[in-house]
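Below: one structure, written as structure tokens.
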Amino acid sequence: MTGNREQLLALRQATVSFQGFVAVDRLDFSVAAGELRCLIGPNGAGKSTTLDLICGKSRITSGEIIFRGEPIHTYREFRMARTGIGRKFQVPSVFRELTVMENLEIGCSREPGVWHNLFRFSGGADTERLERLALLVGLQDELSTQAAHLSHGQTQWLEIALILAQDPALILMDEPTAGMTAHETNMTAELFNRLRGQHTLIVVEHDMGFVRDIAETISVMHQGRLLAQGTADEISEDPGVREAYLGSGGIGHA
Amino acid sequence: MDFVVSQILTGLSLSSILLLVALGLAIIYGVTGVINLAHGEFVMLGAYGAWLLQTQFGWNVLASLFVIFLAIALLGWLLEATVIRHLYDRPLDTILATWGLGVMIQQIVRLTAGGELRYVQMPPGLSGSVDILGATDSAYRLFVLGVALGLFALTWSIYRYTTFGLKLRAITQNRAIASSFGINSGQAYRATFAYGAGIAGLAGALISPLKSVSPEMGTTYVVDAFMVVVLGGVQSLMGTLASSAVLGEASGLLAYFSNDTIAKALVLVAIVIIIRFRPQGLFAPRVRA
Amino acid sequence: MSGKLTRQFLIYGAVCLCILLVPVVVDDAFLLNKYARYLVFGMLAIALSLSWGYAGILNLGQATTFGIGSYCMAMFLKLKTVPVHTGSEGLPDFMVWNNVTELPWIWVPFQSTTFSLLAGILLPALFAALLGWFIFGGRIAGVYAAIITLAVMVVANLIIIDQQSYTGGFNGITDLAEFSFLGIDFDAYSASTYYLVAASLTVTLFLALAVSRSKTGLILQAVRDQEERVRFFGYDVALYKTFVFALSAGIAGLAGMLYTIVMEFASPTFLGVPLSLSIVIWVAVGGRQSLIGAMLGAILVTGVQGALSESEAFLETWTLIMGGLFVLIVLLMPKGLAGAIEALVRRLPQAGNGRSARHTEPDHRPETHPNLGGTQ
Numbered sequence: 001m002t003g004n005r006e007q008l009l010a011l012r013q014a015t016v017s018f019q020g021f022v023a024v025d026r027l028d029f030s031v032a033a034g035e036l037r038c039l040i041g042p043n044g045a046g047k048s049t050t051l052d053l054i055c056g057k058s059r060i061t062s063g064e065i066i067f068r069g070e071p072i073h074t075y076r077e078f079r080m081a082r083t084g085i086g087r088k089f090q091v092p093s094v095f096r097e098l099t100v101m102e103n104l105e106i107g108c109s110r111e112p113g114v115w116h117n118l119f120r121f122s123g124g125a126d127t128e129r130l131e132r133l134a135l136l137v138g139l140q141d142e143l144s145t146q147a148a149h150l151s152h153g154q155t156q157w158l159e160i161a162l163i164l165a166q167d168p169a170l171i172l173m174d175e176p177t178a179g180m181t182a183h184e185t186n187m188t189a190e191l192f193n194r195l196r197g198q199h200t201l202i203v204v205e206h207d208m209g210f211v212r213d214i215a216e217t218i219s220v221m222h223q224g225r226l227l228a229q230g231t232a233d234e235i236s237e238d239p240g241v242r243e244a245y246l247g248s249g250g251i252g253h254a
Numbered sequence: 001m002d003f004v005v006s007q008i009l010t011g012l013s014l015s016s017i018l019l020l021v022a023l024g025l026a027i028i029y030g031v032t033g034v035i036n037l038a039h040g041e042f043v044m045l046g047a048y049g050a051w052l053l054q055t056q057f058g059w060n061v062l063a064s065l066f067v068i069f070l071a072i073a074l075l076g077w078l079l080e081a082t083v084i085r086h087l088y089d090r091p092l093d094t095i096l097a098t099w100g101l102g103v104m105i106q107q108i109v110r111l112t113a114g115g116e117l118r119y120v121q122m123p124p125g126l127s128g129s130v131d132i133l134g135a136t137d138s139a140y141r142l143f144v145l146g147v148a149l150g151l152f153a154l155t156w157s158i159y160r161y162t163t164f165g166l167k168l169r170a171i172t173q174n175r176a177i178a179s180s181f182g183i184n185s186g187q188a189y190r191a192t193f194a195y196g197a198g199i200a201g202l203a204g205a206l207i208s209p210l211k212s213v214s215p216e217m218g219t220t221y222v223v224d225a226f227m228v229v230v231l232g233g234v235q236s237l238m239g240t241l242a243s244s245a246v247l248g249e250a251s252g253l254l255a256y257f258s259n260d261t262i263a264k265a266l267v268l269v270a271i272v273i274i275i276r277f278r279p280q281g282l283f284a285p286r287v288r289a
Numbered sequence: 001m002s003g004k005l006t007r008q009f010l011i012y013g014a015v016c017l018c019i020l021l022v023p024v025v026v027d028d029a030f031l032l033n034k035y036a037r038y039l040v041f042g043m044l045a046i047a048l049s050l051s052w053g054y055a056g057i058l059n060l061g062q063a064t065t066f067g068i069g070s071y072c073m074a075m076f077l078k079l080k081t082v083p084v085h086t087g088s089e090g091l092p093d094f095m096v097w098n099n100v101t102e103l104p105w106i107w108v109p110f111q112s113t114t115f116s117l118l119a120g121i122l123l124p125a126l127f128a129a130l131l132g133w134f135i136f137g138g139r140i141a142g143v144y145a146a147i148i149t150l151a152v153m154v155v156a157n158l159i160i161i162d163q164q165s166y167t168g169g170f171n172g173i174t175d176l177a178e179f180s181f182l183g184i185d186f187d188a189y190s191a192s193t194y195y196l197v198a199a200s201l202t203v204t205l206f207l208a209l210a211v212s213r214s215k216t217g218l219i220l221q222a223v224r225d226q227e228e229r230v231r232f233f234g235y236d237v238a239l240y241k242t243f244v245f246a247l248s249a250g251i252a253g254l255a256g257m258l259y260t261i262v263m264e265f266a267s268p269t270f271l272g273v274p275l276s277l278s279i280v281i282w283v284a285v286g287g288r289q290s291l292i293g294a295m296l297g298a299i300l301v302t303g304v305q306g307a308l309s310e311s312e313a314f315l316e317t318w319t320l321i322m323g324g325l326f327v328l329i330v331l332l333m334p335k336g337l338a339g340a341i342e343a344l345v346r347r348l349p350q351a352g353n354g355r356s357a358r359h360t361e362p363d364h365r366p367e368t369h370p371n372l373g374g375t376q
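Order-wise, the sequence lines are chains A, B and C. At position 208 of the first sequence (counting the first as 1) the number is 208 in the UniProt record's numbering, and the numbers step up by one without a gap. At position 246 of the second sequence (counting the first as 1) the number is 246 in the UniProt record's numbering, and the numbers step up by one without a gap. At position 329 of the third sequence (counting the first as 1) the number is 329 in the UniProt record's numbering, and the numbers step up by one without a gap.
See below:
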């Protein structure tokens, strides 16, 4: 499936260890442009750490990370982000003291220079686009609300909107539906299906129903390595995956 | 030979004062994460306590130590209960608030005791000098060294062997988890703050016969104490001991080879460089959520 | 949104106009000199508000850059004096007393007016840029950054006192010529100097307002909120922080130059811990997240202090009161008077508003939220 599309991101023998504990172990992992990839696995499998490596929050101890042909693991975080990588964190992190609109303006980071932004004031050319984004995630009535006053679900949506404002080629989503109601989760699935194609997404998720709704290819991680990869049905048939999940009550509840 | 010994003894004396002054700061910082900028004022209050008890009641410094410890510990307890405890989630504001408290304490002393220098007599039994390997050293300085080591050993044992110490270590590791196991971190913090303040007061009283006593004296001590803590590493009492020894000897040598101003400047530059290049090694053990 | 902006501009403009009109009412030269001093402090407060209030960088050594600016001006004016105590031309008196025979190289460029005026702003800014890069490039933030700024200031102070033959040491640089520029003489005790300071303050205030309102200002606020998060949007956080640190230093440098003109000397106490603490207090009282609040806080506090300074004992008590007030404000009103007033204004019209009901419910959440940013 990934063979006929251009490869966007590749981790080659990526390894990271924290004081002797190997969280990601010689991981080979690649994603094609426009793909929506789900990354699942039991707790501690190294999923979030893998996302951390791709966005620069953690540094690989050995191996390499190639994005659009560039060895981005040598870059500092902000340079990695500028190559077109956006990250939604597991604990929603938005700027709580700023309003929703101000948050969105921060997200819109195509021109990240100090000097350039010194002469940019709110109400500029991006406003319309940002308002459309707010509409997309249902925050159109909250534009001047301080982010600290949003509900948990709304905060999740705001962070997703921030990533969309950033408009990166590759979007990393760490448990985007955590704390969302069933209805909100459905809306998120719908949104992700709409994003597929224009953006490349890697989604770490525990909610298997959600994963089945959105995934074309699922990658399963276990103990820092890639255990299996394939469609939802292939994965649930895989004996290795079944074994890894045995302790945690089967794939449906992972 | 006796020059070397006397130089080492000078350094040791400086080390013991550093240890006395830094111990309280290190405990408070290690357990609660608060950089107490009023720490120097606690030291200063201890010195004034010794002066007051001596001039008013004719008490010997040694006799007043326990009273001073209790008084300053009580003050620390009160300040924690009224001010500090509201600020644990706002580290920047704790340094501001403790700075403000320091200014207030200094000002109160200046208004009541006056701004002039005060002097405290050495305890009569310890005013002589002792011969060590051909060099002579003041008996009182040796006594201070002994007390400093004794206090350190006491503090270390409390931390290491008592239930209270175990609770402190648990809180330092993870405040939230410790609380969920029923450890009252609020109480532990208050006790720690009081103890640290008491030790600072004790340090001030012990130092008072060696230095002149003035409302501003705390400023130097807070810088020195902070330097010791930075160098020794947070949450490591042994580190505090080691860095007091190293710094005491080093500043003894530095003062011998250059002037005081430059020595002071160099110490500060060292602080800056350590904070900048070893923040993870010296500060990162802060795992509190 | 734009209505709020217009209101802000109106308030800022009105305050500046009041300040500029003071000499119309007051013609006592001594009072004007005193007021000009307060305005300089107001400018310092604006500088700290930019770095602390907007970017979360608590600069405990703001007086360092203030001092550099004031020494630049003092060196310039010193070289303009007719040397009284010396035979060798153009050599400041204290150098002669210290047996310096030739003008030191650091002093030479200060013979030029253009250089001196630029240096008073650019040297502090450059100094802060280097220091900022050193601190923020190493990801040092919060308390540790604050301690570094404090330590660096004390070092600078010690060096100035130690290098007596180049800096005048403990006594500073005194006996200065009168500042004159573009044909205007700025006698310290005159309306012209007051206007110079008031106009500089106005320009600074609006410049700072523009920066705070720009997207760069917004990004700085985001950095204050969650530094780590900003990085993952592709912003070079260290560069942003260094920028605002240097800008704040430039403003402090300008304030320092004006202070030398107003006070007619420069002294190592200008780079002192007490002054730095005072700046922090003014800004905390006025409101660190409001430029005008911080500025008025400085003018208010120093004004009251000046009124009380007639009696020495009272001044001591005043310091005590200020310390207590400061602790209370840190404890109870982290956003200072401006924050309190803003909250009051916001509450009034919202009483009958339908939105307020929805807002009350999530209001419980904010304060107890664990800080994800780590060391802020």
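Ideal Cβ positions, reconstructed from N, Cα and C, are used throughout, including at glycine. Every value quoted in this text rests on a predicted model; they were computed, and no experiment measured them.
By the rule that beta-carbons nearer than 8 Å mark a contact, Asn117 (chain A) touches chain C.
Residue state for Arg26 (chain A) is assigned as strand, using DSSP reduced to three classes. Taking a C-beta distance under 8 Å as the contact criterion, Ile218 (chain A) and Asn193 (chain A) do not qualify as a contact pair. Close CB contacts of Thr155 (chain B) within its chain, under the 7 Å cut and outside five residues either way in sequence, are with Leu23, Ile27 and Leu237 (chain order). Where Leu19 (chain B) is concerned, the enclosing alpha helix (DSSP H) starts and stops at Asp2 to Thr32.
Within the region 315 to 331 of chain C, the residues whose Cβ lies closer than 8 Å to some Cβ of chain B are Glu316, Thr317, Thr319, Leu320, Met322, Gly323, Gly324, Phe326, Val327, Val330 and Leu331, listed in chain order. When only Cα atoms are considered, Gly204 (chain B) and Leu79 (chain B) end up about 19 Å apart. For Tyr159 (chain B), the number of other beta carbons within 10 angstroms of its own is at least 16, and it is reported as buried. In this chain, the alpha helix (DSSP H) harbouring Met153 (chain C) covers Gly142 to Asp162. Counting only runs of 4+ residues, the alpha helix (DSSP H) found wholly inside the region 21 to 71 of chain C occupies 29 to 48, in chain order. For Lys241 (chain C), the uninterrupted alpha helix (DSSP H) run begins and ends at Val237 to Met263, by DSSP.
In the structure shown, Lys88 (chain A) adopts extended strand secondary structure according to DSSP, grouped into three states. Ile27 (chain B) does not reach chain C, its nearest Cβ partner there being about 18 Å away, counting only Cβ pairs nearer than 9 Å.
In the structure shown, Ile106 (chain C) falls within a coil segment according to DSSP collapsed to helix, strand and coil.
Taking a beta-carbon distance threshold of 8 Å, Val203 (chain C) does not count as an interface residue toward chain A. By the Cβ-count criterion, Val91 (chain A) is exposed, with fewer than 16 other Cβ atoms from all chains shown falling within 10 Å of its own Cβ. Gly63 (chain A) sits in a strand when the DSSP states are folded into three classes.
In this chain, the beta strand (DSSP E) harbouring Ser17 (chain A) covers Gln7 to Phe18. Counting only unbroken stretches of 3 or more residues, the beta strand (DSSP E) elements lying wholly within the region 155 to 222 of chain C are 179 to 181 and 184 to 186, in sequence order.
For Ser180 (chain B), the uninterrupted alpha helix (DSSP H) run begins and ends at Arg175 to Ser180, by DSSP. By the criterion of a C-beta distance shorter than 7 Å, Leu241 (chain B) is surrounded in its chain by Leu19 and Phe152, once the five residues flanking it on both sides are discounted.
Its Cα nearest to that of Gly86 (chain A), the residue C:Phe232 stands out among C:Asn33, C:Phe232 and C:Ala343. Spanning the alpha carbons of Leu201 (chain C) and Phe41 (chain C) requires a straight line of approximately 10 Å.
The CB of Ala284 (chain C) comes closer than 8 Å to the CB of Leu96 in chain B, given here in chain order. Contacts with chain A at 8 Å (Cβ-Cβ) include Gln226 (chain C).
Contact check for Thr200 (chain A) and Val31 (chain A): beta-carbon distance about 6 Å, within the 8 Å limit, so the pair qualifies. Within 10 angstroms of the beta-carbon of Leu8 (chain A) lie 16 or more other beta-carbons, which makes it buried. Contact with chain A is absent for Gly69 (chain C), since none of that chain's Cβ atoms lies less than 8 Å from the residue's Cβ. When secondary structure is reduced to three states using DSSP, Leu201 (chain A) falls in the strand class. Taking C-alpha positions only, Asp52 (chain A) is separated from Lys88 (chain A) by approximately 11 Å. Secondary structure of Cys38 (chain A) (DSSP, three-state): strand. Residue pairing by DSSP places Pro112 (chain A) in no beta bridge whatsoever. According to DSSP, Ile171 (chain A) shares a beta bridge with A:Gly86 and A:Leu201. In this structure, Leu39 (chain C) keeps its C-beta atom at 8 Å or more from the C-beta atom of Gln62 (chain C). Below the 7 Å Cβ cutoff, chain A contributes Ile106 and Asn117 as neighbours of Ile219 (chain C), in chain order. Within its own chain, the residues whose Cβ lies closer than 6 Å to the Cβ of Tyr194 (chain C), once the five positions on either side in sequence are excluded, are Pro23, Leu32 and Ala36, listed in chain order.
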